[in-house]
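Sequential numbering from 0 applies to the sequence shown in numbering that gives the first Met the number 0. Notes to accompany the following structure.
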Amino acid sequence: MSHYFINDDSVKSEEKVTKAMIHKELFTFWTDNNVFSKSGLDFGTRTLLESIDVSHMKGKVLDFGCGYGPIGIFLGRHNLEVDMIDINERALRLAKKNALVNQAHVSIFESNLYENVKDSYDYIITNPPIRVGKKVLYEILIGAKEHLKENGQLIFVIHKDQGAKSVLRDMEEYYQVEILQKNKGFYVIACKTH
Ligand SMILES: C[S@@+](CC[C@H](N)C(=O)[O-])C[C@H]1O[C@@H](n2cnc3c(N)ncnc32)[C@H](O)[C@@H]1O
Numbered sequence: 000m001s002h003y004f005i006n007d008d009s010v011k012s013e014e015k016v017t018k019a020m021i022h023k024e025l026f027t028f029w030t031d032n033n034v035f036s037k038s039g040l041d042f043g044t045r046t047l048l049e050s051i052d053v054s055h056m057k058g059k060v061l062d063f064g065c066g067y068g069p070i071g072i073f074l075g076r077h078n079l080e081v082d083m084i085d086i087n088e089r090a091l092r093l094a095k096k097n098a099l100v101n102q103a104h105v106s107i108f109e110s111n112l113y114e115n116v117k118d119s120y121d122y123i124i125t126n127p128p129i130r131v132g133k134k135v136l137y138e139i140l141i142g143a144k145e146h147l148k149e150n151g152q153l154i155f156v157i158h159k160d161q162g163a164k165s166v167l168r169d170m171e172e173y174y175q176v177e178i179l180q181k182n183k184g185f186y187v188i189a190c191k192t193h
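The following block contains the structure:
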């Protein structure tokens, strides 16, 4: 079985176009097989985007695990400087296409975890991969600290069936933690450096 986070060009490409309204703005997103949520904007990602107030955000953002690009592209349309990374090459190709289609000025590059991330950010925002397992998930969440500026924030979404409550507890060891939103089992969690 192929996973969306594994590069596998044997999975036939069948690009399709989807539309999503986010905060009253219409976006066009091309998706494909072997890319997360190929049928269109994931409900967890939507919950994450709807729980943040972009008008109060400024500075530099990293979209970790950008997939076909909804988080970074939405933020890139709002005067934020956005970098987007993923390990999946097909997702990166789609994210670049979607950035053009939606006129978002963002920078998109390949990175396994933070390997090619050289900058520091005001925000790291992610709908993180869960199927990679707890060890890698925690490398993403705790590792974010090394790439956040002072007073920077990691914001992520996770479902209660994916262990939201225990992840929340564990993050309290590393960050000042706040629940921004709970919707249909999805928790949007903000982790501030202190
Ligand atoms: C749950 S998906 C979210 C995709 C997209 N942000 C969205 O909301 O639709 C998680 C993403 O993390 C990527 N990913 C998995 N392991 C990774 C790793 N080690 N380094 C970078 N990205 C990774 C996957 O390829 C996938 O695109």
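Note that the Cβ used here is the ideal one computed from N, Cα and C, for glycine as well.
Taking 8 Å as the threshold (C-beta atoms), are residue j and residue i in contact?
i: Y205; j: H146; result: Coverage of the chain is limited to positions 0 through 193, which leaves residue 205 absent and any answer about it impossible.
i: N78; j: V34; result: no
i: I84; j: V116; result: yes
i: N126; j: F155; result: yes
i: D118; j: D82; result: yes
i: A189; j: E177; result: yes
For residue i and residue j, I'd like the C-alpha separation in whole angstroms.
i: F28; j: G151; result: 29 Å
i: S12; j: N32; result: 6 Å
i: V105; j: Y174; result: 28 Å
i: E149; j: K15; result: 41 Å
i: I124; j: V166; result: 16 Å
i: R89; j: I129; result: 19 Å
i: K159; j: P69; result: 22 Å
i: N101; j: E24; result: 11 Å
i: T192; j: L153; result: 8 Å
i: K95; j: T46; result: 23 Å
I'd like to know whether the C-beta of residue i is nearer than 8 Å to at least one C-beta of chain C.
i: Q152; result: The chain inventory of the structure shown lacks chain C, comprising one protein chain alone.
Mind reading off the beta-carbon distance from residue i to residue j? Whole number of angstroms is fine, and I expect it under 8 Å.
i: L48; j: I21; result: 5 Å
i: L93; j: T30; result: 7 Å
Measuring CB atoms only, is the segment 71-85 touching the segment 134-144, in the sense that at least three cross pairs come out at less than 8 Å? no
Inset, instruction - May I have a chain-ordered list of the beta strand (DSSP E) segments no shorter than 3 residues that lie completely inside the segment 58-82? - result: 59-63
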